[in-house]
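Position in the sequence shown (from 1) plus 58 gives the number in this note's numbering.
Where a beta carbon is used, it is the ideal one built from N, C-alpha and C, also for glycine.
Have a look at the structure below before the remarks.
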Amino acid sequence: MGKAQEKREAAEKAAAKKAEKDAKKAALKEARAAKKALKAQVKEAVEAQKKPLPPKPEESNEHKWNDASQTALDDALRAHAPLPNQVERWRLISRDVPSYSSRACALRFLEVRKNIKKLKDWEAECRAV
Numbered sequence: 059m060g061k062a063q064e065k066r067e068a069a070e071k072a073a074a075k076k077a078e079k080d081a082k083k084a085a086l087k088e089a090r091a092a093k094k095a096l097k098a099q100v101k102e103a104v105e106a107q108k109k110p111l112p113p114k115p116e117e118s119n120e121h122k123w124n125d126a127s128q129t130a131l132d133d134a135l136r137a138h139a140p141l142p143n144q145v146e147r148w149r150l151i152s153r154d155v156p157s158y159s160s161r162a163c164a165l166r167f168l169e170v171r172k173n174i175k176k177l178k179d180w181e182a183e184c185r186a187v
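Structural data, given as structure tokens:
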């Protein structure tokens, strides 16, 4: 074996080593790119799921009932079962609620029921998010 052949073999070995090193670099670069793409997909999916919660509905208190009157109305509603004649039922209820007419009691009942429905709808919407 001559020196020229040794040189060629050394050059071939160096070229093979360089090719192997370049292949490893390319594979590593490809793996990093795939990992980055996967990370971006996961982040996008998480962001899509993050919807802001809807604002809590405000209670309407148009008729300005105090706590004592509201408690009296609640107790009267429990005490007087629904009657076939609604007007008579509200008259009975208003007797147990001082200084409020049967119409005022009925309107307050509807207002509170509306507030409760709004709150339940809001809670259902929050659970959906």
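Where residue i falls, given that 16 or more other Cβ within 10 Å makes a residue buried
i    : result
L131 : buried
Y134 : Position check: residue 134 holds Ala in this sequence, whereas Tyr was assumed. Buried, since its Cβ has 16 or more Cβ neighbours within 10 Å.
R171 : exposed
A100 : As written in the sequence, residue 100 is Val, which differs from the Ala given in the question. Label assigned to V100: exposed.
V155 : buried
Own chain partners of residue i with C-beta closer than 7 Å, once the 5 adjacent residues on each side are dropped
i    : result
E117 : N173
K75  : none
W148 : S160, C163, A164
S152 : Y158, S159, S160, C163
Spatial neighbours of residue i in its chain, beta-carbon cut-off 6 Å, leaving aside the 5 residues before and after
i    : result
A137 : none
A77  : none
Close beta carbons around residue i, own chain, < 8 Å, minus the five adjacent residues each side
i    : result
R166 : H121, W123, Q128, L131, Y158
Assess contact between the region 106-115 and the region 162-182, defined as three or more Cβ pairs (one per stretch) separated by less than 8 Å. Is contact present? yes
Ignoring anything shorter than 4 residues, give me the alpha helix (DSSP H) runs that lie fully in the region 94-150, in order along the chain. 125-137
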